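*Asks:* Below is the structure I would like to discuss, written out as structure tokens.
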Amino acid sequence: MSTEKWTADHLRVPANRAIHVEQRRRQLLPVVDDLRRLAREVEALVGEIDTIEGDVPGQAWVRARRVTRPLYKAADDVEKAIGDLVAFNARYERSYEELPAKRAKQREEREEKRRRKLSAKGVRPAIGSAEAGEPAARTDQFDDVFSGLRKGA
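Residue numbering for the sequence shown follows the numbering used here, beginning at 4 and increasing consecutively.
Right, dumping it as structure tokens:
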């Protein structure tokens, strides 16, 4: 996988998604550590700089904070990206792997509940009822009754 680029087709397989998340985590965690280290060093460097002529009290601290904040934010953003990859993996599993099975189970439970309810009332299923999505089978059982009717009447 190291010579190929990751594609959406690769991420359809759960094992490949886990490998992808782990690879990205290993790539990004050193970046986060490096950015935080660099931010601390810059913070220490600008903290040692004395106030500049014309500063009001506390302005040197505010300036140092304003300068170093983007580095800390960059580290936080990269760390958040790792969390987003983990969230993507979990959402994909729930939405595309677990959901179809869950819905099929719910559909079976509803049908079973409906059958029990009808059998408790003593009602039999309708004649020639087809499953959803299947065309109803044509029955010639009642043709003689309706043969005298005109279409659209």
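For glycine and all other residues, C-beta sits at the position ideal for the given N, C-alpha and C. Model, not experiment: these values are computed from the prediction.
(1) Within 10 Å of its beta-carbon, does Leu-48 have 16 or more other beta-carbons around it, so buried, or fewer, so exposed?
(2) Does DSSP put Ile-55 in a helix, in a strand, or in coil?
(3) Distance, Cα to Cα, Asn-19 vs Ala-93?
(4) Compare the C-alpha of Gly-50 against each of His-13, Ala-63 and Arg-97 and name the closest.
(5) Do Glu-46 and Thr-10 have their C-beta atoms within less than 7 Å of each other?
(6) Which two residues bound the contiguous alpha helix (DSSP H) that contains Ser-122?
*Replies:* Taking the geometry as given:
(1) exposed
(2) coil
(3) 13 Å
(4) Ala-63
(5) no
(6) 102 to 124
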